[in-house]
Amino acid sequence: MRASVRRVFIRGRMSLALTYSDAVCGMGWGATFGCAALMTGYQVDDLIAEFLTETAESLEVVDSELVRFEANPNERKTLDNIFRLVHTIKGTCGFLGLGRLEAVAHAGETLLGRFRDGKLEVTPTAVTLVLHSIDRIKVILAGLEQTGLEPDGSDEDLIEQLEAMAEGREVAIDAVKSVTVPDRPIASDAEDVVMLEVKQELDRPLRPGEVSLDELEAAFLAAEAPDWMNETAPEAVTEATPEPVVAEPVAAEPVAAQSELNTSLAALSNLASGGEEGGGITTTQSIRVSVDVLEGLMTLVSEMVLTRNQLLQISRNREDSAFATPLQRLSTLTGELQDSVMKTRMQPIGAAWKKLPRLVRDLSHELGKKIDLVMEGEGTELDRQVLELIRDPLTHMVRNSADHGLESTEERIKLGKPANGTVKLAAFHEGGYIVIRISDNGRGLNTARIREKVIEKGLASRNEVETMSDQQIHRYIFAPGFSTAAAVTNLSGRGVGMDVVRTNIEQIGGQIDLNSVTGQGTTFTIKIPLTLAIVSALIVGAGGQKFAVPQTSVMELVRTGANAEHKIERIEQSLVLRLRDKLLPLVQLSPTLKLGEYDEDETAFVMVIQVGERRYGLVVNDVLDTEEIVVKPLAGILRDVQSFSGATILGDGSVVLILDPNALSEHAGNILDDKATEVAEDVHSEAQGQKVAMLLFRAGGGAPKAVELEHITRLEHIESDKIERMDGRAALQYRGRLMPIVNVLDGNGLKDNDIQPLLVFTGEGYAMGLAVDEIVDVVEDYLSIELSADHPGVRGTAVVAGRACEILDVEHYQLRGLAEHHRRDRAPALHTEAA
Amino acid sequence: MSIRDYVTLRVGGQLFGVDAARVHDVFHPRGLTPVPLSRSEIAGVLNLRGRIVTAVCARQRLALPPREADAPEPLAIGLEVQGDSYGLIIDSVDEVLKLDDDRFHAPPGNLPPRWADIILGVYQLEKELLIVLDPHTLLDAAHLKAA
């Protein structure tokens, strides 16, 4: 509802009228600064106030236009303009439930419609009548402004006149002609009455429902009587075109004229004496402000917020309470000011969609497809700055949907789909975000072609691709330089498509994803923050330095350490955290930024961060505070430092860098490998319902290792001195043959003077012993590899029996065992030579 | 013949000059927040009266040896390049000199590349040479990378 009203009022321009919308309430900091209550008070009258302002403006235009129209009755354009304005007022009144206004406007519109249809000739009398109805509307508006309700009273008199004028056209025209007032454009009401009287005598009997002339006259006189003019805001009368006052002397009915003149004069003097009463509806309540001014205002307020934060910080550290109360007040006011200024920057997203209907229409012609564009939630508001940044990506995506997404009309008909393809844009608020969906009901993405392209471009190997779900493959369209368009059209398919879109959206802290169903269409979902200027941030400590992390990207915070419930586990060089039976790859902030190594025993915090579809944990030493921060871009000289998105000044006056969770995920490197994680998910789904027997063992530090039991021929415990070592290699006489002993790659090596556990693998014509530190257990569990391996000999990491385990790559060790056999064939010879 | 004002300053004993019109302020670079992973020339970012200033070490930038441990607290001159605020950390600020354009010479051809790029020219003063720095190339990311 709100959306449509705003569209009418704002007409794409910035309006300074501080309207209070639900949208802004949802932004988080509104509530923080305690102005939610204040806002609700305004919300009730919000629409009415806006309506009053806009209608007053429209009425002013109608006034002047009507006058011009009367002067040039043949000027069609003027009439159309008037008609449209009155129609809009009528429509809005109806929408807002303002019945009295609607009735008057409707009657006026009907009369204007007659003019427009050419069924009624334009006469000064008729115009006067219309002007009267405009005046009446102003009077009602004045009452509305004062009380918030339509004033009591009846407009039957005026409406009857208007209807009568519309009905009794022919005679009225003659009559008017006969009494034309040559110089003066506007006739008096009294003349009007006289003319109608003439007509009535000459013409027909009363039609059913039509009022008699006497009655009409009586009503009309009543209308002129001071009853309504007195009770109304005086400026409404004076502000109106001056015709009633000027025209009155011509009146045939001296008493009525005199009375009206008096009231009008009274109104005039009233206005002259007391300007303060004059600030009503007709003064414009919205002004157009240049965007630069708003931007400047925003910068100032941002600075003010920072200064406020600094003051609060100082006050927190001091006992001096004299400052506390005024400071609290200042703080609240600053918050409210910030709120209000933010609102001036809010624009409906429809502003970014305006060009789309035309674009789609042109596309439709060019491509020979029938395309319907559906737009929902155009009124959803977001910051101007964000709006500017998403305009191009949105246009691109709509173009894509129309060009690639939708089938040709013939194809659609053949498929039994509606001939018209639909591209739908929808926007709505969700949390501190605005969500935009661009969907089409076309053919969906061509999974097979994307798959081929992925392999062809070397983005993933055939094996990898084969294990991916359709959605994972679809996401490759966001990869740089990826385009599957068979033919490069004039419109799209130049390969600079979706990756640019993704980059643009991620740059403003947004996310994009897609969902495509073959034959049914594709939906892109974009999530972007409402504003970029001020963000809520976590202040964290790492490597002895403070950093800010945008709160929107932090999903949860996990405390880890010796005494905490969660422990960070190490797999080779990589750290992982077990979180609800899932393995979360970790990035340690301080080593990543080269600020020193992470101490595993110390208490630390893991921030679970979501970037697009990826999730990782950022390990920091400390979480210190949350603060509203104003993001400042880094200086040009620092732009090549990828890990930070900007800097800000904290309450204590220190400068902290703002971490870019997106860039940091890149630092995470191999453990964050998108493909790997997703492959693992697939393995997981395949493994569902099938438990595997696994041997758990330890070799080297870190997580225990696991191997499927089926690969192992036997388990042996050998006295370590029975193992023969030569040239750094080891072998054991086992069942009459020399069996090579291989160490687990990152293991501790062979034991001295102890029992050495061995896993014996056998293959065709060979046997191999794998030396481990300790055999832990044999368990049955689902094998679901959650993380890919980053070093040889390991297939990946999985949760086995509730523990993170590295899954042994048996093949790798078998090959090594085989190699040892070959080497052993030559080794003794080398030995002899050496001896 | 036109006269120009130069703020003269010393870095590693050498006298430099910067067009006085480009110097916004002179301040002690305090409360520096280091920027991890940044180039060695970047000393950090600091809050100068509510503005975030990126401090660049002139010695590093000019490939001069680092300051001695017992050297007095360094100063910084505030410069603006492409809308960003920078503080160039120097050893000391001398006087402001009014110099005649006639005595201005193009930089000699045998300068090390790291210097040639950032020097507008040289003034021959009575006692020594005054090297005029170009704040733009001095603090520009592209030139820094090339250096």
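Chains as they are written, first to last, in my numbering: chain A, 145 to 979; chain B, 40 to 186. Every residue gets a Cβ at the ideal spot worked out from N, C-alpha and C, and that includes glycine. Every value quoted in this text rests on a predicted model; they were computed, and no experiment measured them.
Per DSSP, the continuous beta strand (DSSP E) segment holding Phe691 (chain A) begins and ends at 689-694. Interface flag for Gln163 (chain B) against chain A is unset, since no Cβ pair is found closer than 8 angstroms.
In the structure shown, the three-state DSSP call for Phe213 (chain A) is helix. In the three-state reduction of the DSSP assignment, Val230 (chain A) falls in the helix class, which pools H, G and I.
Taking the CA atoms as reference points, Asp584 (chain A) sits about 44 angstroms from Val800 (chain A). Residue pairing by DSSP places Glu520 (chain A) opposite A:Ala570 in a beta bridge. Straight-line spacing of the CA atoms in Asn707 (chain A) and Asp766 (chain A) works out to 15 angstroms.
For the options A:Leu882, A:Tyr957, A:Val755, the alpha carbon positioned closest to that of Glu650 (chain A) is the one of A:Val755. Taking the C-beta atoms as reference points, Val120 (chain B) is found nearer than 8 angstroms to Pro174 (chain B).
Distance from the CA of Ala466 (chain A) to the CA of Gln457 (chain A), rounded to the nearest whole angstrom, comes to 15 angstroms. Distances from the CA of Ala193 (chain A) to each of A:Ser446, A:Ser202, A:Leu288 were compared; the closest alpha carbon is that of A:Leu288. At a C-beta separation below 8 angstroms, Ser789 (chain A) has no neighbours in chain B, since its nearest C-beta there lies roughly 13 angstroms away. Of the candidates A:Gly780, A:Thr488, A:Ile226, A:Thr488 places its Cα closest to the Cα of Asp436 (chain A). Around Val62 (chain B), no beta-carbon contact reaches into chain A at under 7 angstroms, the shortest distance being about 17 angstroms.
With distances taken between CA atoms, Leu183 (chain B) lies nearest to B:Arg78 out of B:Val57, B:His63, B:Arg78.
Among the CB atoms of chain B, none fall inside 8 angstroms of the CB of Ala563 (chain A).
Of all residues in the region 83-98 of chain B, only Gly83, Val84, Leu85, Asn86, Gly89, Arg90, Ile91, Val92, Thr93, Val95 place a beta-carbon less than 9 angstroms from a beta-carbon of chain A. Rounded to the nearest whole angstrom, the C-alpha separation of Glu525 (chain A) and Gln491 (chain A) is 5 angstroms.
In the DSSP assignment, Ala155 (chain B) falls within the alpha helix (DSSP H) that extends over 152-155. Shown here for Gly846 (chain A): same chain residues with a beta carbon closer than 8 angstroms to its own, the five before and five after excluded, namely Glu713, Arg714, Ile715, Glu716, Asp890, Glu950 in chain order. With a cutoff of 8 angstroms on beta-carbon distance, Leu127 (chain B) and Leu118 (chain B) are scored as near each other. Ala115 (chain B) is bridged by DSSP to B:Phe66, B:Ile128.
Relative to Ala592 (chain A), the option among A:Gly940, A:Leu517, A:Ser613, A:Lys671 whose CA is nearest is A:Ser613. A contact is defined here as three or more CB-CB pairs under 8 angstroms, and the region 142-151 of chain B fails this definition with respect to the region 86-94 of chain B. Annotation for Ala875 (chain A): the continuous beta strand (DSSP E) segment containing it runs 873-878. Within chain B, the C-beta atoms nearer than 8 angstroms to that of Glu447 (chain A) come from Gly89, in chain order. If you ignore the 5 residues before and after Leu471 (chain A), its C-beta comes within less than 8 angstroms of the C-beta of Leu455, Leu456, Ser459, all in its own chain and listed in chain order. In the same chain as Ala249 (chain A), and ignoring 5 residues on each side of it, the C-beta atoms closer than 7 angstroms to its own belong to Val230, Ile233, Lys234, Cys237, Ile281, in chain order. Counting every other CB atom within 10 Å of its CB across the protein chains shown gives Val661 (chain A) a total below 16, marking it as exposed. In the three-state reduction of the DSSP assignment, Glu860 (chain A) falls in the strand class, which pools E and B. Judged by DSSP secondary structure, Val888 (chain A) falls outside any beta strand (DSSP E); it is assigned neither H nor E. Here DSSP, grouped into helix, strand and coil, assigns Met699 (chain A) to strand. Two segments are said to touch when three or more pairs of C-beta atoms, one from each, lie closer than 8 angstroms; by this definition the region 655-674 of chain A does not touch the region 506-520 of chain A. Comparing alpha carbon positions, the residue from A:Leu730, A:Ala850, A:Gly687 closest to Leu701 (chain A) is A:Leu730.
Taking a 10 Å sphere around the C-beta of Gln616 (chain A), we find 16 or more other C-beta atoms and assign the residue as buried. Assignment of Met490 (chain A) by DSSP, reduced to helix, strand and coil, places it in the strand class.
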